[in-house]
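Enquirer: Before I ask anything, here is the structure I am working with.
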Amino acid sequence: MTPTLRNLPMLVLGIVAALCGRAAAQDYAKFRVLDTKVIEDMWTSAGQKAALLSPDGSRVLHLNGSEFCLLAPSQMGSWAKVACMQSTPDNSPGEAADMFWSPAGSHLLMPTYTYGLEFFRDTDIRLFDPATFTVRNLTEDGFAGSFLDGKGPANLDILAHWIDGDTIAFVRYAVPDGGIKQGGSTSLMTIEAGGGDPRVAFEIASKSSFRVWAMTVSADGKQVAYSLADKDNADRAGIYLLKLGEATPKRVAAMSDAGQPASLAFSADGKFLLLLGRTASGIDARVIDLASGEIVPVDLVQNVVGVAWSPTGSALAYITYDRANADMPGGLFLAEAPGKPARLLIGGGFFPTVCCGQQPFTWASNDTMIIAQMGDKLGSVLFVTLGQ
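Under my numbering, the residue at position 198 of the sequence shown is numbered 198, and the numbers go up by one with no gaps.
Below you can see the structure in the form of structure tokens.
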């Protein structure tokens, strides 16, 4: 096409878009550690002690069991406490493994996994405001207590994830009168962060006990992945992919091949799905190629304790740590893509700042991350900056 005055603006926009696209495509094969800073007196990685880095890397919410603190980098480059507040029964998250920042960093979803799927107690979808340290309940149903003692009807709302800054997806077990043992429907729901009634996006099972133990949403908010357990039907059990707005999910892996994950996470480009399952010494970390169905381990040899997706594309950062094996002291590794050889970025004893590797740790959009230091440096966190 020969440029003319009429089509010149379109041509310029095309060039700009192409240049921006190339700039956004990071060459993670060349990434290395540019800088590290130690944040002292920050106990994490155990029980109700955790540190949650915001998606843009500008803030950290620290939970030490009895207190919340919001931290941000000061002009001098160290981390300064913006505000702190004592935790209360109303705002205490308990185990923070599935406490997720909103894309813009304005709120966090309160966790549900431990209370809902380990203790089988009622949970609702709640939002934590880091500016005020207050909690707002979006799905209060007036029920509290255990579902194992025959009580109901009630809704068990769990596994919440952000679709975008305004909308949340979650799994709802509709518990009938007589308790969860009577069976009930399992549905994928959505609700606006500003409030309102939840809506059914997809009915996963019309009558069942606990079968969905993990769910996640892609970065573009268009796809949902979930695990479906079914001990009586191996051909049904597995990992499913659903495009929001469509009626039929696709099974992308059998449960016998994928294991029973405690959590799932899409790569930023939506091409891969990370599966994280618990082991006695760390996590079983695998990745599904959603185009081919191939499943590969994050690391064949070392003991993986934490994994993070890159903020663009599908690179993996992961932490290995094995206190029982002196020949493998561990460190922070980076692989430019699943199945590719990994490079050691920092050697030493590290751990995710949220126990216990059940969810991916955060690789922020400004290419920073925080990792807990182990051994004689226990009680401190390393703030890592990556780049070329």
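Note that beta-carbon positions come from the ideal geometry of N, C-alpha and C, so glycine has one too.
With 16 other CB atoms within 10 Å as the buried threshold, where does Leu-117 fall?
Expert: Leu-117 comes out buried.
Enquirer: Quick one: what does DSSP say Arg-172 is sitting in, helix, strand or coil?
Expert: It is a strand residue.
Enquirer: Who are the Cβ neighbours of Gly-150 in its own chain at under 7 Å, not counting the five residues just before and after it?
Expert: For Gly-150, where only same-chain residues beyond five positions count, the Cβ hits under 7 Å are Gly-178, Gly-179.
Enquirer: Is it right to say Asn-325 is buried, meaning 16 or more other beta carbons lie within 10 angstroms of its own, or is it exposed?
Expert: Result: exposed.
Enquirer: Please report the straight-line C-alpha distance between Leu-290 and Ile-370, rounded to a whole angstrom.
Expert: Looking at the two C-alpha atoms, the distance is approximately 29 Å.
Enquirer: With hydrogens ignored, establish whether the beta-carbon of Leu-156 is closer than 8 Å to any heavy atom of the ligand MG.
Expert: Ligands are entirely absent from the displayed structure, and the ligand MG is therefore not among its contents.
Enquirer: Here's a check: name, in chain order, each residue in its chain whose Cβ is nearer than 6 Å to the Cβ of Val-287, leaving out the five neighbours to either side.
Expert: Excluding sequence neighbours, Val-287 sits near Phe-272, Leu-274, Val-296, Pro-338.
Enquirer: Taking 9 Å as the cut-off, decide whether the C-beta atoms of Leu-61 and Pro-153 are in contact.
Expert: No.
Enquirer: Under a three-way DSSP split, which group does Tyr-321 fall into?
Expert: Three-state result, Tyr-321: coil.
Enquirer: Is the beta carbon of Ser-310 sitting closer than 9 Å to the one on Gly-270?
Expert: Their beta carbons are not under 9 Å apart, which means Ser-310 does not touch Gly-270 by this criterion.
Enquirer: Using a Cβ distance threshold of 8 Å, determine whether the segment 85 to 99 contacts the segment 342 to 349, with at least three qualifying pairs required.
Expert: With a cut-off of 8 Å, the segment 342 to 349 and the segment 85 to 99 do not count as touching, because too few Cβ pairs lie within range.
Enquirer: If you draw a straight line from the alpha carbon of Ser-314 to that of Ala-268, how long is it in whole angstroms?
Expert: If I take the Cα positions, the gap works out to 6 Å.
Enquirer: Taking three-plus beta-carbon pairs below 8 Å as touching, is the segment 231 to 244 in contact with the segment 276 to 283?
Expert: The segment 231 to 244 vs the segment 276 to 283: no contact.
Enquirer: Excluding the five sequence neighbours on either side, which residues of its own chain have a C-beta within less than 6 Å of the C-beta of Ala-83, listed in chain order?
Expert: Once the five neighbours on either side are set aside, the close Cβ partners of Ala-83 are Leu-70.
Enquirer: So for Met-374, helix, strand or coil by DSSP?
Expert: In this structure, Met-374 counts as coil in the three-state DSSP scheme.
Enquirer: How is the beta strand (DSSP E) around Met-189 delimited, first residue to last?
Expert: Residues 184 to 192.
Enquirer: Is the CB-CB distance between Phe-393 and Leu-148 below 9 Å?
Expert: Residue coverage of the chain in this structure runs from 1 to 388, which leaves residue 393 outside it and unanswerable.
Enquirer: Of the residues Gly-105, Asp-35, Leu-108, Ala-46, which one's Cα is nearest the Cα of Ser-78?
Expert: If we check each option's Cα against that of Ser-78, Asp-35 comes out closest.
Enquirer: Within the same chain, show all residues whose beta-carbon is closer than 6 Å to that of Thr-368, passing over the 5 residues directly before and after it, in chain order.
Expert: So the qualifying residues of the chain are Gly-57, Thr-385.
Enquirer: Which value, in whole angstroms, describes the spacing of the CA atoms of Ala-372 and Leu-382?
Expert: Going by the C-alpha atoms only, they are around 6 Å apart.
Enquirer: Can you tell me whether Met-328 is buried or exposed? The criterion is at least 16 other CB atoms within 10 Å of its CB, across all chains shown.
Expert: Met-328 should be labelled exposed.
Enquirer: Please classify Leu-332: is it buried, with 16 or more other beta-carbons within 10 angstroms of its beta-carbon, or exposed?
Expert: Buried: at least 16 other Cβ atoms inside 10 Å.
Enquirer: Bridge partners for Met-369 per DSSP, in chain order?
Expert: According to DSSP, which records beta bridges pairwise, Met-369 is partnered with Val-384.
Enquirer: With distances taken between CB atoms, is the gap from Glu-172 to Asn-155 smaller than 9 Å?
Expert: Looking at the sequence shown, residue 172 is not Glu but Arg. Yes, the Cβ-Cβ distance between Arg-172 and Asn-155 is below 9 Å.
Enquirer: Considering Cα atoms alone, identify which of Lys-222, Val-200, Ser-187, Asp-220 is closest to Val-212.
Expert: For Val-212, the nearest C-alpha among the options comes from Ser-187.
Enquirer: If you measure between the beta carbons of Val-307 and Tyr-318, is that distance less than 9 Å?
Expert: Yes, they are a contact pair.
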